[in-house]
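First the structure, in the form of structure tokens, and then the observations on it.
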Ligand SMILES: Cc1cc2nc3c(=O)[nH]c(=O)nc-3n(C[C@H](O)[C@H](O)[C@H](O)COP(=O)(O)O)c2cc1C
Ligand SMILES: [Zn+2]
Ligand SMILES: [Zn+2]
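Numbering (my numbering), first residue to last: 25 to 784.
Printed below as a string of structure tokens:
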């Protein structure tokens, strides 16, 4: 290992010789003591013990962890009809399931919030608060910056270093459990006065109430409990305790500046909740679509007419191009006529019916395009230089997007949802459209094989949560077999006419909400996507377009082809120029440019600027770069290489935990969901190679570091490729993982195996 690393070897991150070690430690060493290479015997023992635990897996449906029954803690809009927990295998979720961890005693939710339960004695859940608190594990210590400073970047130098030191000390302390004090009051034993509750800190009130694992932060001791003083005990149900609300802070929260015009609930900073009853009517197939059936049949008629044409005529017709011409009035009349037709209609009645139908059709021809949405009626996406955080299954959850927003991302797309699952009212799918109100530009991505699924999904999205969607994106790039073999995702790249029908049909169903598409270069090595770019705006009316510069077959191999991205961008611009030229004399407004975004391998501000100037794009979309270093958005905006310290990175982990807890909940279940998604995040962030240990910048995303030690033990720990170390980091903020806890990363990014990142 005595090589000097002055010569850069592609594929290997150029680590300075003094940081190299012979191999990654099985598990990183103590944060207090020496560095990783000298991991203590004690920590090795722990790792063996954990290894044994790991073999015992405890599983229930994955969907449950991302579903929102949790949200009954805040607004309850979905919870009343949360779908039954059902085992559902989808994409890579298949066979990879997580324990749903809950309290031993199921405390009544009303009671937990300090309210009177209307079910009284008939309630299925426990009202024995004293017993609940007696069995409750001790609060989890949590430290946070002062309430008015959400990010360390907002602090001055001395505040920051004091805070980061305290954070570090807490992390170290969490690894060395102190002496167990004899509990003087068995009912009050779980409380820690020195913790902070993320909800309470943000809102001045905690919707989780007694079930909060940071309860000490919002409870007042008014007397000893009944276990100590019997009937003398005061407080709620003789616990000697009362829940606390910080009235001033709560009022400030309710009246916080409106970041978002369509706020649904004053006491919740998330939007895009399905209105009551909608999920149920979707599930029971009672939902009434107003547009989708007419759109789908119009598309069918159109393609039948096109097939019936001789090829020469089909090539020049305007049929199948431009905004879809849908005649809802005629469709309604037709439906009414046929509904009025008796099943045993006489030949005379039938004839009258046929006449009426013909008359209706003749009469409506003149006004055929009454209700169509012309492209100019769509809201226009004016993205230029806005930084786009890619749609990311599992990892692109709301807390992660919120973290990226704090570092400067501008455009967010939610995780991919399946069209059919939306129309079937699956709560897990609908949770993917949830938006944090601080997300400035937000859309949702949907995946499906044909208009029959995608058009109804577009209609219900627009109608039920449209106020909270700036755009809807169609996934035309997902390479995984499960999706591709159904004809969805990247399979659409080879079915261009169908893609055109999908775009035109969905655009119509979405009304003024723009539709965007996300593509790859083709399914195989043959570059085919420029053909889509030639038609996407002028013939189909897409509102924006993103191209990942790799094929389906490539997945993540080789570099993204930015030359081809430029070819495609040029092709689209040229098609618009020609269209405008040809329609100059017609009664059509000029077609305005749509945003074209390039995607692939952006890992720093230099990549970003090179692509912006060379690839003729309006911006870049960033996926793995954000997963590995969420602060990439700051680097790009400030044109700097940020040698971020390990303590600042620890604060980022704390920040994610805090956002996770206020999204998934601060009770036992929410904590473990947060733990799981925090580990997913760490399975990417550990790949970051600190600038200070590198021979030179820039470093490339796919350069794998040889085993190295960081500049301090925490840096070493944060670079660890071991899933046990990720759990260990999560434990620092979320308390010890349950015994049956087990984490297997969904995307196996730790293996650095290109092919393993099979998403998108
Ligand atoms: C973990 C992970 C999940 C992804 N999920 C999606 C997805 O749901 N929809 C999608 O269109 N692309 C998805 N992708 C692909 C990315 O959006 C992006 O196109 C790809 O990673 C290339 O960009 P990059 O080089 O910046 O990573 C995913 C990628 C990763 C690594
Ligand atoms: Zn109850
Ligand atoms: Zn709380």
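Just so it is clear, CB atoms sit at the ideal spot from N, CA and C, and this is done for glycine as well. Since the model is a prediction, treat every value here as computed from it, not as a measurement.
### Query
Looking at the structure shown, is residue 644 part of a helix, part of a strand, or coil, going by DSSP?
Translated into positions along the chain shown, residue 644 becomes position 620. Assigned with DSSP and collapsed to three states, residue 644 falls in strand.
### Task
Taking residue 540 as part of the beta strand (DSSP E), name the residues at either end of that continuous run.
The residue given as residue 540 occupies position 516 in the chain shown. Boundaries of the beta strand (DSSP E) around residue 540: 539 to 543.
### Query
Exposed or buried, which one is residue 383 when buried takes at least 16 other CB atoms within 10 Å?
The count along the chain shown starts at 1 and reaches residue 383 at position 359. Taking all protein chains shown into account, residue 383 has fewer than 16 neighbouring C-beta atoms within 10 Å of its C-beta and is therefore exposed.
### Message
I'd like to confirm something about residue 149: is its beta-carbon nearer than 6 Å to some heavy atom of ligand 2, or not?
### Response
Locating residue 149 in the chain shown gives position 125, counting from the first residue. For ligand 2, a non-hydrogen atom lies closer than 6 Å to the CB of residue 149.
### Task
Kindly identify the DSSP beta-bridge partner or partners of residue 471.
Position 447 of the chain shown holds residue 471. According to DSSP, which records beta bridges pairwise, residue 471 is partnered with 442.
### Query
Exposed or buried, residue 667, counting other C-beta atoms within 10 Å across all chains shown (16 or more means buried)?
Indexing the chain shown from 1 puts residue 667 at position 643. By the 16-neighbour rule on beta-carbons within 10 angstroms, residue 667 is exposed.
### Query
Which ranges does the alpha helix (DSSP H) cover as unbroken runs of at least 4 residues, wholly within the region 316 to 395, from first to last along the chain?
Listed in chain order, they are 316 to 332, 335 to 340, 352 to 364 and 371 to 389.
### Task
Assign residue 684 to one of three DSSP states: helix, strand, or coil.
On the chain shown, residue 684 is found 660 positions in, with the first residue counted as 1. In this structure, DSSP gives residue 684 a helical state, which the three-state scheme calls helix.
### Residues near residue 401 by beta carbon distance below 7 Å, same chain, minus five either side
Within the chain shown, numbered from 1, the residue matching residue 401 stands at position 377. Closer than 7 Å at the Cβ level, and outside the excluded window around residue 401, lie 536.
### Task
Check whether the Cβ of residue 154 lies closer than 6 Å to any heavy atom of ligand 2, and answer yes or no.
Working through the chain shown from its first residue, we reach residue 154 at position 130. Residue 154 Cβ: outside cutoff for every heavy atom of ligand 2.
### Task
Grab the span of the alpha helix (DSSP H) containing residue 191 for me, first residue to last.
As a working note, residue 191 is residue 167 in the chain shown. Per DSSP, residue 191 belongs to the alpha helix (DSSP H) from 181 to 199.
### Query
Is residue 605 buried or exposed, if buried means 16 or more other CB atoms sit within 10 Å of its CB?
Position 581 of the chain shown, counted from the start, is the residue given in the question as residue 605. With fewer than 16 neighbouring CB atoms inside 10 Å of its own CB, residue 605 falls in the exposed class.
### Query
Taking DSSP as the reference, what is the three-state secondary structure of residue 313?
Here residue 313 refers to the residue found at position 289 when the chain shown is read from its first residue. Coil.
### Message
Going residue by residue through the region 491 to 525, where are the continuous alpha helix (DSSP H) segments of at least 4 residues, counting only ones entirely within it?
### Response
Counting only runs of at least 4 residues, the region 491 to 525 fully encloses the following alpha helix (DSSP H) elements, listed from N- to C-terminal order: 505 to 508.
### Cβ neighbour criterion (16 or more within 10 Å) applied to residue 721
The count along the chain shown starts at 1 and reaches residue 721 at position 697. Exposed.
### Task
Reducing DSSP to helix, strand and coil, say where residue 464 ends up.
Mapped onto the chain shown, residue 464 falls at position 440. Of the three classes helix, strand and coil, the one that applies to residue 464 here is coil, per DSSP.
### Query
Is it true that the CB of residue 540 sits closer than 7 Å to the CB of residue 568?
Counted from its first residue, the chain shown places residue 568 at position 544. Counted from its first residue, the chain shown places residue 540 at position 516. Residue 540 is positioned such that its CB atom lies closer than 7 Å to that of residue 568.
#### Entry: Residue closest to residue 321, alpha-carbon to alpha-carbon, out of 628, 40 and 354
Start at 1 with the first residue of the chain shown, and residue 321 comes out as number 297. Nearest to residue 321 by alpha-carbon distance, out of 628, 40 and 354, is 354.
### Proximity test, residue 499 beta-carbon vs ligand 1 heavy atom, cut-off 6 Å
Translated into positions along the chain shown, residue 499 becomes position 475. Within the cutoff, so yes.
### Task
Throw me the rounded Cβ distance for the residue 643 and residue 627 pair, which I believe falls under 8 Å.
If you number the chain shown from 1, residue 643 lands on position 619. If you number the chain shown from 1, residue 627 lands on position 603. In this structure, residue 643 and residue 627 do not form a Cβ contact; the two beta carbons are roughly 16 Å apart against a cut-off of 8 Å.
### Message
Judging by CA-CA distance, which residue of 191, 181, 47 and 386 is the nearest neighbour of residue 676?
### Response
Position 652 of the chain shown holds residue 676. Of all alpha-carbon atoms in 191, 181, 47 and 386, the one lying nearest the alpha-carbon of residue 676 is that of 191.
### Task
Look at residue 167 and residue 237 and say whether their C-beta atoms are less than 7 Å apart.
Taking the first residue of the chain shown as 1, we reach residue 167 at position 143. Taking the first residue of the chain shown as 1, we reach residue 237 at position 213. With contacts defined by Cβ atoms closer than 7 Å, residue 167 and residue 237 do not form a contacting pair.
### Beta-carbon proximity list for residue 36, same chain, < 7 Å, skipping 5 on both sides
Stepping through the chain shown from its first residue, residue 36 is reached at position 12. Within the same chain, Cβ atoms closer than 7 Å to the Cβ of residue 36 are found at 727, 728 and 730, the five residues on either side in sequence being excluded.
### Message
Give me, in chain order, the residues of the same chain whose beta-carbon lies closer than 7 Å to that of residue 293; leave out the 5 immediate sequence neighbours on both sides.
### Response
The count along the chain shown starts at 1 and reaches residue 293 at position 269. Shown here for residue 293: same chain residues with a beta carbon closer than 7 Å to its own, the five before and five after excluded, namely 460 and 461 in chain order.
### Beta-carbon contacts of residue 547 that lie in its chain and below 7 Å, excluding the five residues immediately before and after
Counting from 1 along the chain shown, the entry for residue 547 is found at position 523. Once the five neighbours on either side are set aside, the close Cβ partners of residue 547 are 514, 517, 518, 575, 576 and 577.
### Query
Whole-angstrom Cβ separation of residue 443 and residue 470, contact assumed at under 8 Å?
For this step, residue 443 is matched to residue 419 along the chain shown. For this step, residue 470 is matched to residue 446 along the chain shown. Contact between residue 443 and residue 470 holds: CB atoms are separated by about 5 Å, below the 8 Å threshold.
### Query
When you compare only the Cα positions, how much space is there between residue 708 and residue 652?
Numbered from 1 along the chain shown, position 684 holds the residue referred to as residue 708. Numbered from 1 along the chain shown, position 628 holds the residue referred to as residue 652. Cα to Cα, the separation comes out at about 5 Å.
### Query
Are the region 168 to 187 and the region 129 to 137 touching by the rule of at least three beta carbon pairs closer than 8 Å?
Contact between the region 168 to 187 and the region 129 to 137 is absent: fewer than three C-beta pairs spanning the two stretches fall below 8 Å.
### Task
Could you say which of 587, 599, 602 and 456 lies nearest to residue 635 if we only look at CA atoms?
Taking the first residue of the chain shown as 1, we reach residue 635 at position 611. From the listed residues 587, 599, 602 and 456, the smallest Cα separation to residue 635 is found for 587.
#### Entry: Any residue whose CB is nearer than 7 Å to a heavy atom belonging to ligand 3, listed in chain order
Applying a distance threshold of 7 Å between residue Cβ atoms and the heavy atoms of ligand 3 selects 221, 223, 224, 230, 232, 236, 238, 239, 241, 242 and 690, given in chain order.
### Query
If you scan the region 260 to 300 from start to end, which runs of the alpha helix (DSSP H) of 4 or more residues do you find wholly inside it?
Whole alpha helix (DSSP H) segments, 4+ residues: 271 to 278.
#### Entry: Every unbroken alpha helix (DSSP H) within the region 582 to 651, with a cutoff of 4 residues, ordered by chain
With a minimum length of 4 residues, the continuous alpha helix (DSSP H) runs that stay inside the region 582 to 651 are 586 to 606 and 629 to 638.
### Query
Under the three-state reduction of DSSP, which class applies to residue 405: helix, strand or coil?
For this step, residue 405 is matched to residue 381 along the chain shown. Residue 405: coil per DSSP, three-state reduction.
### Task
Determine contact between the region 344 to 358 and the region 369 to 384, defined as no fewer than three beta-carbon pairs at a distance below 8 Å.
Yes: at least three Cβ pairs fall under 8 Å.
### Message
Between residue 166 and ligand 2, is there a pair consisting of the residue's CB and a ligand heavy atom that are separated by less than 6 Å?
### Response
Working through the chain shown from its first residue, we reach residue 166 at position 142. Relative to ligand 2, residue 166 has its C-beta separated by 6 Å or more from all heavy atoms.
### Task
Determine the direct distance from the alpha carbon of residue 341 to that of residue 365, and round the result to whole angstroms.
In the chain shown, residue 365 corresponds to position 341, counting from 1. In the chain shown, residue 341 corresponds to position 317, counting from 1. A straight line joining the alpha-carbon of residue 365 with that of residue 341 spans about 36 Å.
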